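Each residue of the sequence shown is one higher than the last, beginning at 90 in my numbering.
Glycine included, C-beta positions come from ideal geometry on N, C-alpha and C.
None of these values were measured; they are calculated from a predicted model.
Structure, as structure tokens:
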Amino acid sequence: MRTMAPPVLRVTDARKSFGSIPALDGASLELHPGQLMALLGPNGAGKTTLVRAIAGRVRLDGGTIELFGQPVNGSLDRAALGVVPQEVAIYPLLTARENLELFAHLHGVPRAQVKRRVDWALDWTGLGERAREPSRRFSGGMRRRLNLACGVMHEPRLVLLDEPTVGVDPQSRERIYEMLVGLRTAGASLLLTTHQLEEAEARCDPIVILDHGRAIAAGTLAELVARTVGGRRTVTFALETPPAAPVAGLSGEPDAPVLRGELGDVAAELPAMLARVEAAGCRVRDIEVRGPSLQAVFLHLTGRELRE
């Protein structure tokens, strides 16, 4: 059996309160080399506090954090850690090149390597043709890409990303994830917080769900589904006209040309279900079969009430 490499990040029973309010209440997780982990949770679940604790900006009341096998404390060298904050942290009056040069120096990149790293970052972000423009002229997506590059100028082995695609258009979001793939290919491990569940479902593995300061679930999407909502599929029939009578095993809104049902075994059950629809005189325009989503898992675990 293949043995998994030791984790680059291990959080054990992390606890932190602000006054009488607990932000972390025993959170634990492990991130292994090369993984892109999604850290999910409702507002107030403790995600930001945990990321800040890993980055050394918050001191825990209890529990431990280990980076690359070493306990985090005030003296730990975090040169192998990169942080990309949710708030864009670049200088608007500086050009893209000047921002990258500045952050390279702040991260301790040797002077002889700064130009190479800046040229790489401009190419990586697609900002080469805008290198000499002040970043205040950039679109939101361009600023996000530059923000990401500034956080990794020192080639960190572990990168913390807090909502890196918030507020950007689909094209910029796709480019940012292409950039993250490049980081993983180069050997970095990534921990990403996001509220975009579809993005996490499609791009992240593993997934950790935090709520009330605890990691209440962790694993691949398939593992989370199996432990919570189960593996049944939803099938939707789009019809030419509304059904004239009910169809066994299916449901729909009155006078709507749509029927829905559930399947355990698609190959075994779908043909019979389709035959019942056609026997009822319905002409099928389209069929969609969908497995359980991360959103269904998330709501099952955290509930549907609003969190402010």
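query, result
"Residues near residue 324 in its chain [Cβ-Cβ closer than 6 Å; skip 5 each side]", "350, 352, 378"
"Residue 360 - containing alpha helix (DSSP H), residue span", "355-368"
"Residue nearest to residue 126 in terms of C-alpha spacing, selected from 137, 259, 316, 307", "307"
"8 Å Cβ shell around residue 203 - same chain, five flanking residues per side excluded", "190, 193, 194"
"Cβ neighbour criterion (16 or more within 10 Å) applied to residue 248", "buried"
"Candidates 265, 234, 279, 383, of which the one nearest residue 169 by Cα", "279"
"Rounded C-alpha distance that separates residue 269 from residue 333", "51 Å"
"Residue burial classification, residue 148 (beta-carbon count within 10 angstroms, cutoff 16)", "exposed"
"Where the alpha helix (DSSP H) through residue 192 begins and ends", "185-195"
"Assumed close pair residue 139, residue 103 - CB separation to whole angstroms, cut-off 8 Å", "6 Å"
"Three-state secondary structure assigned by DSSP to residue 116", "strand"
"The segment 253-266 / the segment 278-294 touching (three or more Cβ pairs under 8 Å)", "yes"
"Nearest to residue 300 (by Cα), restricted to the options 135, 121, 123, 106", "135"
"Contact belief for residue 322 with residue 355 at Cβ below 8 Å, rounded distance in angstroms", "6 Å"
"Proximity below 9 Å, CB of residue 98 to CB of residue 156", "yes"
"Neighbourhood of residue 188 by C-beta, 8 Å cutoff - its chain only, sequence neighbours within 5 removed", "179, 180, 224, 235, 239"
"Beta-carbon proximity check, residue 231 vs residue 206, cutoff 9 Å", "no"
"Straight-line Cα distance separating residue 100 from residue 116", "7 Å"
"Spatial distance of residue 310 from residue 304 (CA atoms)", "15 Å"
"DSSP state of residue 208 mapped onto helix, strand, coil", "helix"
"Same chain, Cβ closer than 7 Å to residue 216, neighbours up to 5 away in sequence not counted", "185, 231, 234, 235"
"DSSP state of residue 406 mapped onto helix, strand, coil", "Nothing about residue 406 can be read from this structure; the chain reaches only from 90 to 397."
"Reduced DSSP secondary structure (H/G/I, E/B, other) of residue 384", "helix"
"CB contact flag (residue 265, residue 383, <9 Å)", "no"
"Straight-line gap, residue 262 to residue 288 (C-alpha atoms, nearest Å)", "10 Å"
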